[in-house]
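A short write-up of the structure that comes next.
Residue numbers (our numbering): -2 to 210.
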């Protein structure tokens, strides 16, 4: 499976490099704008920006016929899918690592960092990244990657919608609809993880029935 993961990373190497550059530039924004709201958005985007490369990886696999070739390898289909999900986790970890650069810059500038804000930012970013990946991969696997940008956009939109829905459901326990409430963040992250696990099994089922050309 390591070889499959390495191939996944290789197929999106240039995009990952671009994501690192964008994330690094965003880490320098606090030097000019020292706003907590902006910092919160930067941390969340840095975590999310790497999973956007999912569509690129699948598109490369499709155009190079790798999706068809890997079926001839001595691995089972669920192993192929599992390698994809391991890759997604690695992309999210890359986002977390680059977000630490932003916190390091803020610390070097002597900025006071609100722990509650940081916790919310990481929770929001992780929930957005995990949920979006869980939604977009099975869809792209099923219908193809011709419209991967649109699928990524709607997956992110749906992820935010799910968080808002959970905030509304939990409103009686959070004194109103508060998406920044710790309870909403915890439930949203747990829901994202559950969706990610379900997404894996759905993707395995789709992959086993799909004919790659």
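Here a beta-carbon is modelled for each residue, glycine too, at the ideal position from N, C-alpha and C.
Problem set entry | Cβ separation of residue 20 and residue 128, assumed to be a contact under 8 angstroms, to the nearest whole Å | The residue you call residue 20 lines up with position 23 of the chain shown. The residue you call residue 128 lines up with position 131 of the chain shown. No, residue 20 and residue 128 are not in contact; Cβ-Cβ is about 20 angstroms, not under 8 angstroms.
For this session: List the endpoints of the continuous alpha helix (DSSP H) containing residue 43.
Result: Translated into the one-based positions of the chain shown, residue 43 becomes position 46. Run containing residue 43: 33 to 45, per the alpha helix (DSSP H) assignment.
For this session: Kindly indicate which three-state DSSP category residue 87 falls into: helix, strand or coil?
Result: For the purposes of this step, residue 87 is taken as the residue at position 90 of the chain shown. Reduced to three states, the DSSP call for residue 87 is helix.
Exercise. In whole angstroms, what separates the C-alpha of residue 56 from that of residue 143?
Worked result: Taking the first residue of the chain shown as 1, we reach residue 56 at position 59. Taking the first residue of the chain shown as 1, we reach residue 143 at position 146. Cα-Cα distance, rounded: 8 angstroms.
Exercise. For the candidate residues 138, 125, 179 and 157, whose alpha-carbon lies nearest to that of residue 284?
Worked result: The structure shown has nothing for residue 284, since the chain only spans -2 to 210.
For this session: Report buried or exposed for residue 81, applying the criterion of at least 16 other Cβ atoms within 10 angstroms of its Cβ.
Result: As a first step, residue 81 is located in the chain shown; it is residue number 84 there, counting from the start. The residue in question, residue 81, is buried, as its Cβ has 16 or more Cβ neighbours within 10 Å.
Exercise. Closest to residue 200 by CA distance: which of 18, 53 and 134 is it?
Worked result: Here residue 200 corresponds to residue number 203 of the chain shown, with the count starting at 1. Nearest of 18, 53 and 134 to residue 200, Cα basis: 134.
For this session: Return the CA-CA distance between residue 194 and residue 108, expressed in angstroms with no decimal places.
Result: By one-based count along the chain shown, residue 194 stands at place 197. By one-based count along the chain shown, residue 108 stands at place 111. The straight-line gap from Cα to Cα measures roughly 38 angstroms.
Problem set entry | Same chain only: Cβ atoms within 7 angstroms of residue 39, ignoring 5 sequence neighbours per side | Counting from 1 along the chain shown, the entry for residue 39 is found at position 42. Contacts found: 23, 26 and 99.
For this session: Report back the beta-carbon spacing between residue 92 and residue 126 to the nearest angstrom; my notes put them in contact at under 8 angstroms.
Result: Walking along the chain shown from the start, residue 92 turns up at place 95. Walking along the chain shown from the start, residue 126 turns up at place 129. Indeed, because the Cβ distance is near 7 angstroms, the residues count as touching under 8 angstroms.
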